[in-house]
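The structure under discussion appears below in the form of structure tokens.
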Amino acid sequence: MREIKFRVWDKEKKKLTDDFYFHEFTDVNCFFSEGCCAFSLDDVIFMQYTGLKDKNGVEIYEGDIIKKIGDIKTYSIVFDGVLAAYLMDDGTGGYGLNQMLLRDFEVIGNIYENPELLEFKNPQPTKKTNE
């Protein structure tokens, strides 16, 4: 069974956490080392776990930056709503993800904490929708 997990980027505190819960579908409560805090859903960005891991066994989430070992090219992980799939985007287009492909890749950061790691400068993942 596929594991469904999320982590949250707090836009104001510029912090990432996976320790949170929903409260009455209007707020998100996050627990950081300095204590609990509540957010409006507009104050956070959710990043879903892709169900895949890098070569080191690190879970890959939407918004992560990955790199092939021995290569300089970097990719951000994005969700494509038209294809209903996670892609690795190099700024010129997306490539499908699968565990076999990722055996030579590792997570090196994410677009919120480490945007400078992207070769292409696209700080927000592009999401295609059916609209």
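Quick note on numbering: my numbering labels position 104 of the sequence shown as 1111, and the sequence is numbered without any gaps.
Just so you know, even glycine gets a beta-carbon here, dropped at the ideal spot from N, CA and C.
The structure presented is a predicted model; accordingly, all values stated were derived computationally and were not measured.
| Item | Value |
| --- | --- |
| Would you list the residues sitting across from Thr1057 in a DSSP beta bridge? | Answer is none; Thr1057 lacks a bridge partner. |
| Specify the secondary structure class of Asp1087 as computed by DSSP and reduced to three states. | strand |
| Should Val1051 be labelled buried (16 or more other beta-carbon atoms within 10 Å of its own) or exposed? | buried |
| Should Met1107 be labelled buried (16 or more other beta-carbon atoms within 10 Å of its own) or exposed? | exposed |
| Put Arg1009 into one of helix, strand or coil per three-state DSSP. | coil |
| Suppose contacts are defined by Cβ-Cβ distances below 8 Å. Is Asp1097 in contact with Ile1084 by that definition? | no |
| Compute the distance between the beta-carbons of Asp1111 and Ile1076, then report whether it is under 8 Å. | yes |
| Could you check what DSSP says for Asp1111 in three-state terms: helix, strand or coil? | helix |
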